[in-house]
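Chains as they are written, first to last, in the working numbering: chain A, 8 to 143; chain B, 25 to 209.
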């Protein structure tokens, strides 16, 4: 039953991404040409609100016993992987004009060629898993 | 009142509405579910599912909330599609329109250009290549725009700041030097 809750979170996430046009290939190009503030506004305000929320959670965590604390998981720091992987992701992001969340949203919107992006992403993931031990 | 509801349902939202809502969703996931927002890990889960035995399937069913989350994302898109609430024309900057017109894009209706999003060759291979780089890169970097650029940067995590700088280096290279040649194919 808990899984149904995650489906609902996903539905809400998709509606926001679509309504704010973050799933649009056109918007991604506009962002990388620095010709509008729109996508930067989306990213920066999302980061800002998340940052405030995390600070409040951390503040509240202080007075709570260990088991009641809300865990805040930090991403593992591996600068070579973060940077090189990041650049490779960026190359694909601008070509497909969609990051992972929007790929699924496009499928829901019946924009079926996006299936190719998803299949590509799965192949890319399997390649990464195969090469994982040889990469930084 | 009806006008406002129509606006919410059928028109696009400005960044100062959509952006903060993404942040609130990330925080709600953290507080109510104790989950850290992230999407690209779902690629690994789907890959495991494709290659799975019954055990991995069961494990995924119990542990991998992101699988359910991305199913929800598909449903969300479907809801908007069935409700006819899609934006007909994305109001991108005129300068971007001019730039893209020079690259051979002429149809600016819908969320994506029909000149690239179709099942012809080589377009379908270009999308596949884009996806391949997205899948490989996001798993290598340890996350994508959601997990790194929003969740991670909001924590000022060094990994996420570096990854996000990478996202933009790659994106700028692609948009300015690679995509123009691909669109000319």
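Glycine included, C-beta positions come from ideal geometry on N, C-alpha and C.
Which bits of chain A does residue i rub up against, with CB to CB less than 8 Å?
i	result
residue 132 of chain B	33
residue 53 of chain B	16
residue 156 of chain B	99, 127, 128, 130, 131, 134
Pick helix, strand or coil for residue i, following the three-state DSSP scheme.
i	result
residue 134 of chain B	strand
residue 84 of chain A	coil
residue 99 of chain B	helix
residue 113 of chain B	strand
residue 47 of chain A	helix
residue 117 of chain A	coil
residue 118 of chain B	helix
residue 25 of chain B	coil
residue 144 of chain B	coil
residue 17 of chain A	helix
residue 53 of chain B	helix
residue 128 of chain B	coil
residue 139 of chain B	coil
residue 85 of chain B	helix
residue 76 of chain B	coil
Report the CB separation of residue i from residue j in whole angstroms; it is logged as a contact under 8 Å.
i	j	result
residue 141 of chain B	residue 120 of chain A	4 Å
residue 28 of chain A	residue 36 of chain B	5 Å
residue 135 of chain A	residue 160 of chain B	5 Å
residue 154 of chain B	residue 124 of chain A	6 Å
residue 43 of chain B	residue 48 of chain A	6 Å
residue 130 of chain A	residue 45 of chain B	The pair is not a contact, with the Cβ atoms about 33 Å apart (cut-off 8 Å).
What does residue i reach in chain B if we use C-beta pairs closer than 7 Å?
i	result
residue 120 of chain A	141, 142, 143, 148, 151
residue 26 of chain A	36, 37, 42
residue 83 of chain A	166, 183
residue 78 of chain A	58
residue 13 of chain A	89, 92, 93, 96
residue 72 of chain A	By Cβ distance, chain B contributes nothing, its closest Cβ being about 15 Å from residue 72 of chain A, past 7 Å.
residue 66 of chain A	Within chain B, no residue comes near residue 66 of chain A; the closest Cβ sits about 13 Å away, beyond 7 Å.
Find the residues of chain A that neighbour residue i, judging by a C-beta separation of less than 9 Å, and give them in chain order.
i	result
residue 47 of chain B	52, 53, 54, 55, 56, 57, 58, 59, 60
residue 76 of chain B	Correct list: empty, because the minimum Cβ distance to chain A is about 13 Å.
Is any non-hydrogen atom of the ligand MG found closer than 7 Å to the C-beta of residue i, if you look at the structure I gave you?
i	result
residue 67 of chain A	In the structure shown, the ligand MG is absent, as is every other ligand, since no ligand is present at all.
Using a C-beta to C-beta distance shorter than 8 Å, which residues of chain B count as neighbours of residue i?
i	result
residue 140 of chain A	None at all; the shortest Cβ gap to chain B is about 13 Å.
Determine contact between the segment 80-100 of chain B and the segment 18-27 of chain A, defined as no fewer than three beta-carbon pairs at a distance below 8 Å. yes
If contact means a Cβ-Cβ distance below 7 Å, which residues of the segment 80-101 of chain B contact chain A? 89, 92, 93, 94, 95, 96, 97, 98, 99, 100, 101
Mind the definition here: the segment 26-35 of chain B touches the segment 129-136 of chain B only if three or more C-beta pairs lie below 8 Å; say whether that holds. no
Pairs of beta-carbons, one from the segment 58-77 of chain A and one from the segment 163-171 of chain B, closer than 8 Å: are there three or more? no
Any C-beta of chain A within less than 9 Å: which residues of the segment 192-203 of chain B qualify? 192, 193, 194, 195, 196, 197, 198, 199, 200, 202, 203
Specify whether the segment 95-110 of chain A and the segment 59-75 of chain B touch according to this definition: at least 3 beta carbon pairs, one from each stretch, less than 8 Å apart. yes
Validate contact between the segment 101-115 of chain B and the segment 181-200 of chain B using beta carbons, cut 8 Å, 3 pairs: no
Any contact between the segment 107-119 of chain B and the segment 78-96 of chain A? By contact I mean 3 or more CB pairs, one from each, below 8 Å. no
Interface residues of the segment 113-127 of chain B facing chain A [CB-CB below 8 Å]: 114, 116, 117, 119, 120, 123, 124
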